[in-house]
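Structure first, commentary second.
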Amino acid sequence: MQMKAAQALTTDARRSAGPIGGGSVPPEPEKSCARCQRLVAYRDENRDKNPDWFNGAVPSFGPQTARLLIVGLAPGVTGANRTGRPFTGDFAGDLLYDTLARYGFSTGQYQSSPNDGLQLRDAMITNAVRCVPPQNKPVAGEINACRPFLHARLAALPELRAVLALGKIAHDSTVRALGERLAAYPFQHGKSHAIKRPDGVGISLFDSYHCSRYNTNTGRLTEQMFQDVFAEIRRFLGTD
Ligand code: SF4
Numbered sequence: 036m037q038m039k040a041a042q043a044l045t046t047d048a049r050r051s052a053g054p055i056g057g058g059s060v061p062p063e064p065e066k067s068c069a070r071c072q073r074l075v076a077y078r079d080e081n082r083d084k085n086p087d088w089f090n091g092a093v094p095s096f097g098p099q100t101a102r103l104l105i106v107g108l109a110p111g112v113t114g115a116n117r118t119g120r121p122f123t124g125d126f127a128g129d130l131l132y133d134t135l136a137r138y139g140f141s142t143g144q145y146q147s148s149p150n151d152g153l154q155l156r157d158a159m160i161t162n163a164v165r166c167v168p169p170q171n172k173p174v175a176g177e178i179n180a181c182r183p184f185l186h187a188r189l190a191a192l193p194e195l196r197a198v199l200a201l202g203k204i205a206h207d208s209t210v211r212a213l214g215e216r217l218a219a220y221p222f223q224h225g226k227s228h229a230i231k232r233p234d235g236v237g238i239s240l241f242d243s244y245h246c247s248r249y250n251t252n253t254g255r256l257t258e259q260m261f262q263d264v265f266a267e268i269r270r271f272l273g274t275d
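Going by the working numbering, the letters in the sequence shown line up with residues 36 to 275, in that order.
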């Protein structure tokens, strides 16, 4: 299952990247990464209760040639933490994968399982924090500890042209991973920011509220609002 989840992770793409926030690391942490004590304890707790779940640092999903990187917050406990593929198996994934298909960023049928054969086209999904946090709420130290992996992920996508941040935490961590000041790039749903990827090439950072059940149930994010963001990204990238 881990192999499926880490679709197309090549040796080259695991190369080390720049030293933003704590040394040179590969774009994908080890499944058993132990940087965050609280998250390791929570993983262990989940493993004891559900030994057949993934229960580890969830690898990014998508091809290394992706022009779009989608950055979520963190794995959901019964979603990616269970299945081992980002946004797979929970409500947020239903909306995200449906929207990706609608805008031509996937082939195959999403069926809530890493074995469903779904492939992403020109897009990769990752998380600002790769391990599931209790109550879906990583603390600042955990976001900071995982940021070198986000920086390395951004640096290891040679075709990268756009990043979609799902929520403010993902946005802020992406801006910091790119070495920029938050004050110059405030999060705003529906906004795009001109920013530079780690090698200095200009890219666009798009913002959306997170496609969580809470945000859609409360009306903070409607399907139409989410689709509008993807329509803008598709316009920006054109067809591949
Ligand atoms: S959240 Fe990131 S830094 Fe922390 S233990 Fe998991 S992979 Fe390692």
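A virtual CB, placed ideally from N, CA and C, is assigned to each residue, including glycine.
Keep in mind it's a predicted model, so treat the numbers as computed, not measured.
- Membership of Phe241 in the beta strand (DSSP E) is indicated by the continuous run Gly237 to Ser243.
- Here DSSP, grouped into helix, strand and coil, assigns Asn150 to coil.
- Under the three-state reduction of DSSP, Ser67 is assigned to coil, being neither helix nor strand.
- Secondary structure at Lys172: coil, using DSSP grouped into helix, strand and coil.
- Residues Gly91 and Ala92 of the same chain have their beta carbon placed closer than 8 Å to that of Ser67, with the five preceding and five following residues left out of the count.
- Judged by DSSP in its simplified three-state form, Asn252 adopts helix.
- In the same chain as Asn250, and ignoring 5 residues on each side of it, the C-beta atoms closer than 7 Å to its own belong to Tyr244 and Leu256, in chain order.
- Within the region 158 to 207, the complete beta strand (DSSP E) runs of at least 3 residues fall at 158 to 162 and 197 to 201.
- Between Ser239 and Ser227, the gap from beta carbon to beta carbon is short of 8 Å.
- Taking all protein chains shown into account, Thr123 has 16 or more neighbouring C-beta atoms within 10 Å of its C-beta and is therefore buried.
- Ranked by Cα distance from Ala187, the options Gln170, Asn171 and Ala163 are led by Ala163.
- Phe96 is bridged by DSSP to Ile160.
- For Cys181, the shortest separation between its Cβ and any heavy atom of the ligand SF4 lies below 7 Å.
- Under the 8 Å Cβ criterion, the region 100 to 108 counts as touching the region 196 to 206, having at least three qualifying pairs.
- The beta carbon of Ala229 is closer than 7 Å to those of Gly237 and Ser239 in its chain, skipping five residues each way along the sequence.
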